[in-house]
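**Student:** Residue numbers (numbering that gives the first Met the number 0): 0 to 455. Here it is, the structure in full.
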Amino acid sequence: MNLEETITAISTPLGESGIGIVRLSGKEALGIASRIFRSPRGKGPEEACSHSILYGRIVDPADGDVVDEVLLSVMKAPNTYTREDVVEINCHGGMIPLRRVLELTIREGARLAEPGEFTFRAFMNGRIDLSQAEATADLIRAKTERSSALALQQLSGSLSRKIASLREALIGVCAHIEAYIDFPEEDIDVQTADELLQRLNMVISELKRLSSSYDEGRFFREGVSAAIVGRPNVGKSSLLNALVERERAIVTELPGTTRDVIEEYLNIDGLPLRIMDTAGIREAHNLAESEGVRRSLQAIDGADLVLAVLDISVPLGEEDLEIIERVKNRRSIVVLNKSDLPHLLEEDLLPGEMTRVRISAKTGEGLGSLKREIGSALSGGGASEGLMVTNLRHKLAIDRAAEALARGGEALREGMPSEITALELREGLNRLGEISGEVTTEEILERIFSQFCIGK
Ligand SMILES: Nc1nc2c(ncn2[C@@H]2O[C@H](COP(=O)(O)OP(=O)(O)OP(=O)(O)O)[C@@H](O)[C@H]2O)c(=O)[nH]1
Ligand SMILES: [Mg+2]
0 MNLEETITAI STPLGESGIG IVRLSGKEAL GIASRIFRSP RGKGPEEACS HSILYGRIVD
60 PADGDVVDEV LLSVMKAPNT YTREDVVEIN CHGGMIPLRR VLELTIREGA RLAEPGEFTF
120 RAFMNGRIDL SQAEATADLI RAKTERSSAL ALQQLSGSLS RKIASLREAL IGVCAHIEAY
180 IDFPEEDIDV QTADELLQRL NMVISELKRL SSSYDEGRFF REGVSAAIVG RPNVGKSSLL
240 NALVERERAI VTELPGTTRD VIEEYLNIDG LPLRIMDTAG IREAHNLAES EGVRRSLQAI
300 DGADLVLAVL DISVPLGEED LEIIERVKNR RSIVVLNKSD LPHLLEEDLL PGEMTRVRIS
360 AKTGEGLGSL KREIGSALSG GGASEGLMVT NLRHKLAIDR AAEALARGGE ALREGMPSEI
420 TALELREGLN RLGEISGEVT TEEILERIFS QFCIGK
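This is the structure we're talking about:
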């Protein structure tokens, strides 16, 4: 990507809309806009004040044809999205005017932008760091308010600031140790080594906390899955229907009604949840049923959360206990359904450590508590408060940094030569630098920005 060239792109979705925007960025942005824009007052983008809006027409300079009536946003460097001169041409949102305006900008010397190139320039020109650029893509893709709030938090630089402060602490330790490399005759005394180790361990434990927040962060970004399982007729399909508030799955009084996995989407406290109703698990009577049971077991293995449904109106059966046994060491909730009927189930036979919720899929009783339990089972019990890592690339960099620092700490504790400790600490610093993009490779950049849409 040549950063000297002026780039252009349609920045709004293609299709019919009220307005659509062609965006230009680069040294020639104002010049190109001037050549195709006619204002009734004769004021062009070059004379306009920065951050002002001009009214006028886009005219083909070759034949004087009027292409569209537009508003032109003129933003002059450096206070712009890319830190370059930016012009946004607000056209009518049809395909034809947008395409024609885009073509004119190209004919006048702009190049079609690569995916994410505007944001790439913002990064290269130092307006945002890499984690903020990634947050921009997350924000655009966010499917729930919660994931959008997380992306906004990262966009504001909260992760960058945290990583920067950890790097600073590390640089302090590193400088101390590297000083000893220059004076090989001096050993690091025990007290100093202890103190440095303490500082190092603080950084490591903070990195570990960030890394473990990823699991939860991933849930918000990518969504989570929950499987409703249990033996036939306990009310799994009724529960799915009650949760999604419509008759999605077939419910009958006959055991073995559901044969296949049925998926639906739910929003629980901003958490996008894919919920699956499955076939009742029991000794199968025929091929279709045994295939159904196989899929139910597969759904258990693949789900982030299992809702094990029991019928509270009958005593516990062999199959119930087998299912409980299978899921008790997983993230799971025991759902005691049919609470509107007399309770005959022996609750004291259930493992005490498992969360239990009584509901009636029929009357709706207890559904609110069940949703709350689902939310807290998936949020790790409120750990969502602090800063969260939501990006796999960041988590991996954090993990690698923590590993290198742990090795460095080990070397220091064992009294190995300072070079070895310093080498590991530098490795840790570099890994952390990858998050903000202070240390980066073309491959990383390519991978990140190719995921953007054109025009961003
Ligand atoms: N009284 C009462 N009946 C319920 C409740 N939930 C479900 N049922 C009834 O139990 C029967 C079985 O319900 P389903 O939802 O089809 O059960 P399932 O677990 O999906 O059954 P399979 O698909 O066969 O495994 C139906 O007759 C439902 O009306 C409840 O909370 N209270
Ligand atoms: Mg069913």
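Glycine included, every Cβ here is placed at the ideal spot set by N, Cα and C.
Is the distance from the Cβ of L349 to the Cβ of I322 below 8 Å?
**Tutor:** Not a contact, by the Cβ cut-off of 8 Å.
**Student:** From what residue to what residue does the alpha helix (DSSP H) around Y179 run?
**Tutor:** S157 to D181 is the span of the alpha helix (DSSP H), which, as asked, contains Y179.
**Student:** Use the C-beta contact count for M415: other C-beta atoms within 10 angstroms, 16 or more gives buried, fewer gives exposed.
**Tutor:** Per the 10 Å Cβ criterion, exposed.
**Student:** From the DSSP output, read off the bridge partner residues of Y264.
**Tutor:** DSSP, once it has assigned bridges, lists R273 as partnering Y264.
**Student:** R355 and L335: beta carbons closer than 8 Å?
**Tutor:** It is a contact, given that the beta carbons lie within the stated cut-off.
**Student:** Please classify R40: is it buried, with 16 or more other beta-carbons within 10 angstroms of its beta-carbon, or exposed?
**Tutor:** Exposed: under 16 other Cβ atoms inside 10 Å.
**Student:** Please identify the residue among V313, T420, A376 and M123 whose C-alpha is closest to the C-alpha of E345.
**Tutor:** That would be V313, whose Cα lies nearest to the Cα of E345.
**Student:** Could you give the C-beta distance for I6 and A109, rounded to a whole number, given that I count them as a contact under 8 Å?
**Tutor:** That belief holds up - the Cβ atoms of I6 and A109 are roughly 6 Å apart, short of 8 Å.
**Student:** Looking only at its own chain, which residues have a Cβ that is under 8 Å from the Cβ of G381, when we skip the five neighbours before and after it?
**Tutor:** Bear in mind that a pLDDT of 40 at G381, under 50, signals an unreliable position, so the number given afterwards is only what the model happens to contain. The answer, listed in chain order, is S375.
**Student:** Hey, would you say R99 sits closer than 8 Å to V66, going by beta carbons?
**Tutor:** Cβ atoms of R99 and V66: closer than 8 Å.
**Student:** Count the other CB atoms within 10 Å of the CB of H342; is the residue buried (16 or more) or exposed (fewer)?
**Tutor:** The residue is exposed, with fewer than 16 neighbouring Cβ atoms inside 10 Å.
**Student:** Please classify I35: does DSSP put it in a helix, a strand, or coil?
**Tutor:** Looking at I35 - three-state DSSP - the assignment turns out to be helix.
**Student:** Skipping 5 residues on each side, what residues in its chain have a beta carbon closer than 7 Å to that of G222?
**Tutor:** Within the same chain, G222 has close Cβ partners P271, L272 and R273.
**Student:** Bridge partners for Y54 per DSSP, in chain order?
**Tutor:** Paired residues: L70.
**Student:** Following the continuous beta strand (DSSP E) through V233, name the residue where it begins and the one where it ends.
**Tutor:** Taken as a continuous stretch (DSSP letters only), V233 belongs to no beta strand (DSSP E), as it is neither H nor E.
**Student:** Taking 6 Å as the limit between beta carbons, can you name the residues of its chain near L431, skipping five residues before and five after?
**Tutor:** Contacts found: I162, R166 and A400.
**Student:** In angstroms, rounded to a whole number, what distance separates the CA positions of L70 and I18?
**Tutor:** Computed Cα separation, rounded: 10 Å.
**Student:** For R392, tell me which candidate among D300, E433 and I176 has the shortest Cα-Cα distance.
**Tutor:** Selected option, being the one with the closest Cα: E433.
**Student:** Is it true that the segment 146–154 meets the segment 45–62, where meeting means three or more beta-carbon pairs spaced less than 8 Å apart?
**Tutor:** In short, these stretches do not touch, since the Cβ pair count stays below three.
**Student:** For T143, which of V73, S157, T257 and F218 has the nearest alpha-carbon?
**Tutor:** Among V73, S157, T257 and F218, the Cα nearest to that of T143 is on F218.
**Student:** So does the segment 79–91 actually touch the segment 421–431, counting three or more Cβ pairs closer than 8 Å?
**Tutor:** No, the segment 79–91 does not touch the segment 421–431.
**Student:** By the 10 Å Cβ neighbour count, where 16 or more other Cβ atoms means buried, how is M275 classified, buried or exposed?
**Tutor:** Answer is buried; the Cβ neighbour count reaches 16.
**Student:** Using CA coordinates, which residue listed in K235, K327, G291 and E372 is at the minimum distance from S359?
**Tutor:** For S359, the nearest C-alpha among the options comes from K235.
**Student:** For the beta strand (DSSP E) containing I6, name the first residue and the last one.
**Tutor:** Residues I6 to I9.
**Student:** Quick check on D473: buried or exposed, where buried means 16 or more other Cβ atoms within 10 Å of its Cβ?
**Tutor:** Outside the displayed range of the chain (0 to 455) lies residue 473, so it cannot be described from this structure.
**Student:** Report buried or exposed for R120, applying the criterion of at least 16 other Cβ atoms within 10 angstroms of its Cβ.
**Tutor:** By the neighbour-count rule (16 or more Cβ atoms within 10 Å), R120 is buried.
**Student:** What's the gap between the Cα of M0 and the Cα of V438?
**Tutor:** Near 19 Å, if we compare the C-alpha coordinates of V438 and M0.
**Student:** In this structure, how does DSSP classify D319 when only helix, strand and coil are distinguished?
**Tutor:** Helix, per DSSP.
**Student:** Go through its chain and collect everything with a Cβ distance to E4's Cβ below 7 Å, but skip five positions before and after it.
**Tutor:** For E4, where only same-chain residues beyond five positions count, the Cβ hits under 7 Å are G25 and R110.
**Student:** So is I311 buried or exposed if we call it buried at 16+ other beta carbons inside 10 Å?
**Tutor:** Answer is buried; the Cβ neighbour count reaches 16.
**Student:** Alpha helix (DSSP H) containing I373: first to last residue?
**Tutor:** Unbroken alpha helix (DSSP H) run through I373: L366 to L377.
**Student:** Can you give me the Cβ contacts of Q450 inside the same chain, cut-off strictly under 8 Å, excluding the 5 residues immediately before and after it?
**Tutor:** For Q450, where only same-chain residues beyond five positions count, the Cβ hits under 8 Å are P114, G115 and A136.
**Student:** Output the boundary residues of the beta strand (DSSP E) element that contains T354.
**Tutor:** Where T354 is concerned, the enclosing beta strand (DSSP E) stretches over T354 to R357.
**Student:** Are R22 and F117 touching if we call contact CB-CB under 8 Å?
**Tutor:** Contact flag set, yes.
**Student:** Is T256 near ligand 2, judged by its Cβ being under 7 Å from some heavy atom?
**Tutor:** Under cutoff, so the answer is yes.
**Student:** Using 8 Å as the Cβ pair cut-off and three pairs as the minimum, do the segment 323–333 and the segment 291–308 touch?
**Tutor:** Counting Cβ pairs under 8 Å, three or more are found: they touch.
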